[in-house]
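J.:
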Amino acid sequence: MKIKRAHSEEYFGEQRDFWWRPDFLRLMAKRWRLSDASSLVDVGCGLGHWSMLLYPFLKPDATLVAIDPERKWVKEAPARFFARFPSVNRDRFTFKRADASALPLRSDTYDVVTCQTVLMHLVDPFGALREMVRIAKPGGIIIAAEPNNLFNIMAFSSITADEPVDSIVQRFEFWLRYHRGRKLAGAGDHTIGDLLPGMFGRLELTDIAVTLSDRAAPLIPPYENQEQKVLIKQATEWKQTKSGPYDAKALLKYAAAGGASKDLLERGIRLIFEMMNEELTQIERKTFHTAGGGMHFLVSGRKPPL
């Protein structure tokens, strides 16, 4: 029997610690003027990966509020924060269980309101963004870090470089219908990164800026650095546990919801698993390579002053 996990638990592995380069975050913190901020709200905080990266850039003794609907994360996140920042005033940290669509926080209060890979999972991401804007101070900044996973899943590699065009096209159609199906089923839009600037505009934010993460996820034989070892370990764990991209039941469910034909479901899932398994086989032989390009957007905007 498959053990029920907390939301996104299979994606909270060690590989998440390699999403952002420290020097890139320093640059973004300067652009966002985080050193002027005395308060930050992390919406959908999970275990706090994102806010732990941003917190050191805030003013000393800044207030942090971490929100998540999952009881597990609200219970476990504080220990991680205080292990990372043992000398902080714990009274300045608050962890709340709540939904992004109804934040239990006062309007016009916080300097920074942010989320990472949260809006992509929501039925109403625009409503959640509206809530984030509501609680931000006039002049405060809203920052969202979200991907376009349809693009990310189709990156080329040593396998796809000479693959038949028909196979690539069918695999792409399967993934496109999978992503459309997720959205139709209320399981979120994993291509939302490209749509965020328009949402920020509809909310009448100012100084809207869009930046792509400078981090790729390359795999280059013999895979000797720690980041590559962690990526390979994560892919192996997903295969062993039939989770993440190896969850065939979820792939078929959402592709069908997106209108995939019976033939596409059968052929598409076979092509996807053949490719993923071939990746691991070539990794074992130390022949697989890819630049690991992806699209992870940082979209920011400021709430207009009163």
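Per the numbering used here, residue 77 is the first one in the sequence shown, and the count goes up by one each step. Where a beta carbon is used, it is the ideal one built from N, C-alpha and C, also for glycine. In this text, all values refer to a predicted model and were calculated from it rather than measured experimentally.
Where do the ends of the beta strand (DSSP E) carrying ILE284 lie?
T.: The residue given as residue 284 occupies position 208 in the sequence shown. Here the beta strand (DSSP E) through ILE284 covers 282-288.
J.: Can you grab the Cα-Cα spacing for the pair SER289 / MET371, in whole Å?
T.: Sequence index remark: in the sequence shown, residue 289 carries index 213 (1-based). Sequence index remark: in the sequence shown, residue 371 carries index 295 (1-based). SER289 and MET371 have their alpha carbons spaced roughly 7 Å apart.
J.: Compute the beta-carbon to beta-carbon distance between GLU303 and PHE94, rounded to the nearest angstrom, for a pair I have assumed lies under 8 Å.
T.: For this step, residue 303 is matched to residue 227 along the sequence shown. For this step, residue 94 is matched to residue 18 along the sequence shown. Yes, they are in contact, since the Cβ atoms of GLU303 and PHE94 sit about 5 Å apart, within 8 Å.
J.: Are ILE211 and TYR186 touching if we call contact CB-CB under 7 Å?
T.: The residue you call residue 211 lines up with position 135 of the sequence shown. The residue you call residue 186 lines up with position 110 of the sequence shown. Yes, these two residues count as a Cβ contact at 7 Å.
J.: If you compare alpha carbons, which of ALA367, LYS318 and LYS329 is closest to ILE229?
T.: Taking the sequence shown and counting its residues from 1, the one referred to as residue 229 is at position 153. Among ALA367, LYS318 and LYS329, the Cα nearest to that of ILE229 belongs to ALA367.
J.: Less than 7 Å separating the beta-carbons of VAL199 and ARG173?
T.: For the purposes of this step, residue 199 is identified with residue 123 of the sequence shown, where counting begins at 1. For the purposes of this step, residue 173 is identified with residue 97 of the sequence shown, where counting begins at 1. In this structure, ARG173 does not lie closer than 7 Å to VAL199 by Cβ.
J.: Taking DSSP as the reference, what is the three-state secondary structure of ASP175?
T.: For the purposes of this step, residue 175 is taken as the residue at position 99 of the sequence shown. Correct three-state label for ASP175: coil.
J.: Comparing alpha-carbon positions, which option in THR287, ALA324 and ARG346 lies nearest SER376?
T.: Within the sequence shown, numbered from 1, the residue matching residue 376 stands at position 300. For SER376, the nearest C-alpha among the options comes from THR287.
J.: Please name the residue, chosen from TRP251, ILE244 and ALA153, that lies closest to ALA326 on a Cα-to-Cα basis.
T.: Position 250 of the sequence shown, counted from the start, is the residue given in the question as residue 326. With distances taken between Cα atoms, ALA326 lies closest to TRP251.
J.: Rounded to whole angstroms, what's the CA-CA distance from TRP314 to PRO380? Just pull it up for me.
T.: Counting from one through the sequence shown, the residue named residue 314 turns up at place 238. Counting from one through the sequence shown, the residue named residue 380 turns up at place 304. Approximately 44 Å, taken between the alpha carbons.
J.: For the candidate residues THR357, GLY122 and PRO136, whose alpha-carbon lies nearest to that of LYS148?
T.: Position 72 of the sequence shown, counted from the start, is the residue given in the question as residue 148. Nearest of THR357, GLY122 and PRO136 to LYS148, Cα basis: GLY122.
J.: Pop quiz: HIS197 and LEU295 are said to be a contact at Cβ under 8 Å. What is the actual Cβ separation, rounded to whole angstroms?
T.: Within the sequence shown, the letter at position 121 stands for residue 197. Within the sequence shown, the letter at position 219 stands for residue 295. Wrong, their Cβ atoms sit about 27 Å apart, outside the cutoff.
J.: Could you check if ASN225 is buried or exposed, using at least 16 other CB atoms within 10 Å of its CB as the buried criterion?
T.: Looking up residue 225 in the sequence shown gives position 149. The residue is buried, with at least 16 neighbouring Cβ atoms inside 10 Å.
J.: In angstroms, rounded to a whole number, what distance separates the CA positions of LEU181 and VAL117?
T.: Here residue 181 refers to the residue found at position 105 of the sequence shown. Here residue 117 refers to the residue found at position 41 of the sequence shown. Each residue's Cα considered, the two are about 10 Å apart.
J.: State the start and end residues of the unbroken beta strand (DSSP E) segment that holds HIS255.
T.: To locate residue 255, count along the sequence shown from 1; it is residue 179. Not the beta strand (DSSP E): HIS255 falls in the alpha helix (DSSP H), residues 241-260.
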